[in-house]
Every structure is written in C-alpha cells, then in structure tokens.
Amino acid sequence: MLKVLSIQNFALIDSLELEFSPGLNIITGETGAGKSIIVDALMMVLGERASGEMIRQNADKAVIEGVFGTEGNHAVSQWLIRNNYESLGMEIIIRRELTTKGTSRCFVNDSPATVGIVKELGDLLVDFHGQHDHQSLLRPETHLRQVDNAAGHNSLLREYENSYQHLLSLTKDLDKLITTESTMRQQKDYQQFQLDEIEAISPLRDEEELLIAELGIIENSEYSIRLPTNCIRYSMMMKMH
C-alpha cells in the first residue's frame with residue numbers, strides 16, 4: 007500500500023506530503039483544486055512518461071517520492087532479489103527527479119534505476135482503476151500472485167525467499183572460491199615454470215660466488231690486456247713529439 011507521497015515543485019504544488027492510512031483514503035475538493043495532480047504525481051513516480059513542462063514555474067527541478075508498504079507482497083520481495091536491489095524491510099522507496107532540461111532520474115531504495123524498471127515495479131505495487139485502465143487481473147504477470155494469495159501460500163513464499171537469499175549467498179561464496187582456486191593454480195603453474203627453468207640450468211652449490219669470482223678474473227684480464235696497449239700508444243705519441 008502507499009504510505010507516504012511527497013511532492014515538490016510539481017505542476018501547481020510547491021511542497022506537499024501526504025500520509026495514507028490502511029484501508030480507504032478519500033481526497034475531496036472542488037474542480038481545479040489539484041486532486042488530479044496528486045494522481046499524476048503518483049503515476050509519474052511509478053514510471054509514467056514525464057516532461058519538463060510538469061515542473062512548477064520558476065523551479066529547476068521536481069522531486070516526487072513514494073513510500074510503499076510491502077508486507078505480504080511477496081512479488082515485490084522476489085522482484086528486489088531478482089534485480090539486486092537492497093531490501094528496506096517492509097518498505098520500498100521510489101523517487102523520481104525531473105529537471106527543466108527534460109532529464110529524468112529514478113531511484114529504488116536510493117539506488118539508480120531506469121524508468122522501465124520502475125514501471126515494472128510499479129505494476130506490482132499499485133493498481134490504477136479508471137474508465138480506461140486495466141486492472142491487475144488482466145495482467146498475466148500478476149496471476150501467480152493472485153493464486154498464491156487466494157491459496158494462502160504466504161508462509162511458503164517467505165520460506166522460498168529465505169532459501170533463495172541463502173542460495174544467492176552460497177553462489178557468491180562458490181564464485182569467490184572458484185576465482186581463488188584459479189588464481190592459485192596460475193601462481194602454481196608460474197612457480198613450477200620458474201623451478202623447471204632453474205633445474206634446467208642445474209646450478210651448483212655456491213655457484214653464484216664462483217661466478218662472481220670468475221667475473222672478477224675476466225675483468226682483471228681485460229685490464230691487463232688494455233694496459234700494454236695503452237703503454238704502446240703513449241710511447242708512440244711521445245716519439246712523434
């Protein structure tokens with residue numbers, strides 16, 4: 007059920023917050039008092055088309071927020087799980103922001119959402135009954151919910167939701183383990199490759215010290231070779247002078 011509807015800078019409304027009680031709520035007023043604006047605001051927050059013309063004059067942005075109670079509405083709980091939205095217990099908050107540039111942003115429980123997603127969710131939350139509106143009984147996607155409600159399957163649905171949440175948690179844990187195993191296997195293969203390379207060289211004990219000593223001998227030998235050559239060059243230069 008709709009619990010709270012907040013409207014800011016929408017059409018003729020500057021700021022309005024309506025709280026609804028369980029059961030029948032009636033809004034009365036003369037023609038032109040703004041009753042239809044409230045309905046339009048509710049329809050817009052639930053995904054209906056919107057334009058910048060709906061923003062109140064001299065305002066930059068219109069914001070409409072609806073708070074809906076979801077107790078007993080297992081279709082909404084399943085929808086949140088299926089679409090990876092955080093649950094707020096027995097409530098769900100939908101907010102829509104509209105700018106004068108015609109841009110529109112939607113949020114479900116403070117997480118960004120597309121208009122299409124919000125409209126899909128809105129169909130599970132609200133029925134608009136009017137001269138040309140279809141009721142939920144005419145929408146095939148709601149038939150299972152109607153049957154479950156009539157059959158009293160609410161406890162089974164709650165059990166299913168809890169089991170499904172647990173399954174999602176286990177699936178995430180399994181994915182992490184698979185990723186960790188793959189990473190460890192790659193590290194093992196790389197380390198084995200390095201070990202094979204080392205074994206192919208067959209290094210001796212203390213071979214590094216021996217190689218360093220040999221390098222020193224080679225460097226000294228090179229110096230010993232260069233020294234006589236330099237002396238000869240120097241002697242020839244002296245004779246020329």
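Numbering (my numbering), first residue to last: 7 to 247. C-beta: ideal position from N, C-alpha, C; glycine also.
Ser12 carries a strand assignment under DSSP once its states are collapsed to helix, strand and coil. In the pairwise beta carbon analysis, the stretch 95 to 108 is classified as not touching the stretch 25 to 32: fewer than three pairs are separated by under 8 angstroms. A contact between stretches requires three or more CB pairs, one per stretch, nearer than 8 angstroms, and the stretch 84 to 91 fails this requirement with the stretch 58 to 66. Residue pairing for Arg101: DSSP places it in a beta bridge opposite Glu71 and Phe113. Using a C-beta cut-off of 8 angstroms, the stretch 47 to 56 makes contact with the stretch 9 to 18, since at least three inter-stretch Cβ pairs fall below that distance. Leu174 is not bridged by DSSP to any residue.
Here Ile99 has Val73 and Asn115 as same chain residues with Cβ atoms under 6 angstroms from its own Cβ, once five neighbours each way along the sequence are excluded. Between Ile224 and Gln200, the alpha-carbon positions lie close to 29 angstroms from each other. DSSP, reduced to helix, strand and coil, places Glu92 outside both helices and strands of the structure shown, so it counts as coil.
Within the same chain, Cβ atoms closer than 6 angstroms to the Cβ of Leu24 are found at Leu11, the five residues on either side in sequence being excluded. Residue Met96 holds the alpha-carbon nearest to the alpha-carbon of Thr76 among Glu215, Met96 and Ser175.
When only Cα atoms are considered, Ser42 and Asn90 end up about 34 angstroms apart.
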